[in-house]
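Counting the sequence shown from 1 gives a position; our numbering is that position plus 2. Ideal Cβ placement from N, Cα and C applies to all residues, glycine included. All values reported here derive from a predicted model rather than from experimental measurement. To start, the structure itself, in structure tokens.
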Amino acid sequence: MVYGQANDISTTTIECDENGCKGTFYGPEFINGSDVAHQFSNTMSHKVGDKLKECYNNGVYIKVDFSSIEMTTLGMGSGTVTYKLLIPFISVTEPCNAFTSFDHVGGWSHAPSLATRKKELSNVLLPDDALHISDLKTTPEGLQEYWIQWRNKATQANCN
């Protein structure tokens with residue numbers, strides 16, 4: 003699966019397979035005060051979640067390998083940034099050990115609102131399930147992200 007988007011001011015590419023998703027955003031950091039570059043994290047999270055579900059539905063059980071996530075934000079502070087993400091997957095043997103939903107919380111040069119995001123996501127969990135949250139990932143330029151995965155309650159209803 004390859005996703006690409008380009009316009010006058012930026013380009014976004016994302017490629018996913020059973021080993022993970024990798025992608026790049028190149029463009030402005032902000033437009034009219036909107037954090038355009040950081041929106042790439044939203045796009046990537048959506049694509050990762052789609053791939054996790056696709057693999058699960060095809061009998062391939064995986065989850066994100068938090069310890070191997072790579073983030074770079076070259077050019078931050080210059081007005082134009084190249085934001086690269088690598089979100090690798092690892093195999094699991096049991097369907098209920100897989101994860102099929104993925105999200106993040108973060109921002110530039112400020113602590114992510116993790117408690118708020120946990121509350122927002124609490125209604126998407128299977129009963130008695132928990133969010134699995136990465137350590138805080140940071141880039142030298144100041145992007146901070148927590149990455150979050152869980153069992154999707156529709157896709158993995160049989161794991162209840």
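Cα-Cα separation between Ala8 and Thr14, rounded to whole angstroms:
At Ala8 the pLDDT is 48, less than 50, meaning the model places this residue with poor confidence; the figure from the coordinates comes in the next sentence. Their backbone Cα atoms lie some 6 Å apart in a straight line.
Answer yes if the segment 63 to 79 comes into contact with the segment 88 to 102, meaning at least three C-beta pairs across the two stretches below 8 Å, and no otherwise.
yes
Counterpart residues of Asp52 in DSSP-defined beta bridges
None, per the DSSP bridge assignment.
Whole angstroms are fine: how far does the CA of Glu147 sit from the CA of Met73?
9 Å
Beta-carbon proximity of Asn21 to Pro90, cut-off 8 Å:
yes
Given a threshold of 16 other Cβ atoms within 10 Å of its Cβ, counted over all protein chains shown, does Leu2 qualify as buried or as exposed?
Outside the shown range of the chain, which is 3 to 162, sits residue 2, and nothing can be said about it.
On the DSSP bridge assignment, give the partners of Lys146 in chain order.
For clarity, residue 146 is Gln in the given sequence; the question names Lys instead. DSSP lists Gly109, Thr140 as partners of Gln146.
When you compare the CB positions of Lys55 and Cys18, do they come within less than 8 Å of one another, or not?
no
Considering only their Cβ atoms, is the gap separating Gly144 from Ser43 smaller than 8 Å?
no
Start and end of the beta strand (DSSP E) containing Leu88?
82 to 93
For Glu31, does the three-state DSSP call read helix, strand or coil?
coil
Going by DSSP, name the residue or residues bridged to His134.
Gln151
Would Ser70 be called buried (16 or more neighbouring beta carbons within 10 Å of its own) or exposed?
exposed
Would you say Gly29 and Thr82 are within 8 Å of each other, going by their C-beta atoms?
yes
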